[in-house]
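Going by full-length UniProt numbering, the first residue of the sequence shown is number 1, and it counts up by one from there.
Have a look at the structure below before the remarks.
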Amino acid sequence: MLKGKTVVLAVTGSIAAYKIASLASALKKLHADVHVLMTKNAENFINPITFETLTGNKCLIDTFDRNFQYNVEHVALAKKADVVMVAPASANVIGKIAHG
């Protein structure tokens, strides 16, 4: 159903962050190419290695990490993505989105 589609999951620092692991797994089972971006605060709730194991892709945490295929990985993923989901959306992130 999702074969050939790229899904980017943006995981924020919320107590519900651990629940996104099952979502990533379910999307992968539907043959989606799943990539995960995490905020630093999300690391307090779930380890990025969990997402790397489930998706087969490196989890992006640091915007300036240069150990990636593209020069600016987060920009390349945005261009490649068919769907971007922010989940869980912490109050902090919702406020930042609302105010630009």
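The beta carbon of each residue, even a glycine, is placed where N, CA and C say it ideally should be.
For residue 37, the enclosing beta strand (DSSP E) has its first and last residue at 33-38. Straight-line spacing of the CA atoms in residue 25 and residue 53 works out to 10 Å. Under a 10 Å Cβ-count criterion, residue 34 is classified as buried, with 16 or more other Cβ atoms of the shown protein chains found around its own Cβ. Taking the C-beta atoms as reference points, residue 84 is found nearer than 9 Å to residue 78. Annotated as proximal: residue 87 and residue 12, with beta-carbon spacing under 9 Å.
As computed with DSSP, residue 9 is found in a beta bridge with 36 and 85. Under the three-state reduction of DSSP output, residue 54 falls in the helix class. Scanning its chain for C-beta atoms nearer than 8 Å, with the 5 sequence neighbours on each side dropped, one finds around residue 50 the residues 21, in chain order.
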